[in-house]
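Asks: Take 5 as the starting number for the sequence shown in the numbering used here and just add one per residue.
Glycine is no exception: its CB is placed at the ideal position from the N, C-alpha and C atoms.
Please read all numbers here as calculations on a predicted model, not as lab measurements.
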Amino acid sequence: MAIIPQATPNPNAMKFTVGASVGGPVTYRAGQDVNHPLAVAVLATEGVVSVFWTADFVTVTKDAGAGWSSIQPAVTAVLEDHFG
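(1) What is the C-beta distance between PRO29 and PHE61, in whole angstroms, given that I count them as a contact (C-beta under 8 Å)?
(2) Roughly how many whole angstroms lie between the Cα atoms of MET5 and ILE75?
(3) Determine the contact status of LEU83 and VAL22, defining contact as a CB-CB distance below 7 Å.
(4) Identify the residues that DSSP records as bridge partners of TRP57: which are they?
(5) Pick from ASN16, PRO15, PHE20 and HIS86: whose alpha carbon is nearest that of ILE8?
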């Protein structure tokens, strides 16, 4: 399954279309007690501060000081593993 990352109007958020129903809407934030395996895996990515999903996409928000160059491929790999 192809994961398609897309920029959003917010430079600290990126939308990842996964091409399958992801459920939701639900939001998880770093520092919360998270028990969903996908949220745990995405939030384990350095620089990620929240993850939101609904319909067929996941939106990841990063810390303003973090760069997408390392976050995007890491999140894409997590999503491919989860939805693959």
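Replies: Looking at the coordinates:
(1) As a first step, residue 29 is located in the sequence shown; it is residue number 25 there, counting from the start. As a first step, residue 61 is located in the sequence shown; it is residue number 57 there, counting from the start. Contact between PRO29 and PHE61 does not hold, since their C-beta atoms are separated by about 11 Å, which reaches or exceeds 8 Å.
(2) Within the sequence shown, the letter at position 1 stands for residue 5. Within the sequence shown, the letter at position 71 stands for residue 75. Between MET5 and ILE75, the C-alpha separation is close to 19 Å.
(3) Residue numbering aside, residue 83 sits at position 79 when the sequence shown is read from its first letter. Residue numbering aside, residue 22 sits at position 18 when the sequence shown is read from its first letter. Using a Cβ distance threshold of 7 Å, LEU83 and VAL22 count as a contacting pair.
(4) Counted from its first residue, the sequence shown places residue 57 at position 53. Looking at the DSSP output, TRP57 shares a beta bridge with VAL30 and VAL62.
(5) What you label residue 8 is simply residue 4 of the sequence shown in a count that begins at 1. Selected option, being the one with the closest Cα: PHE20.
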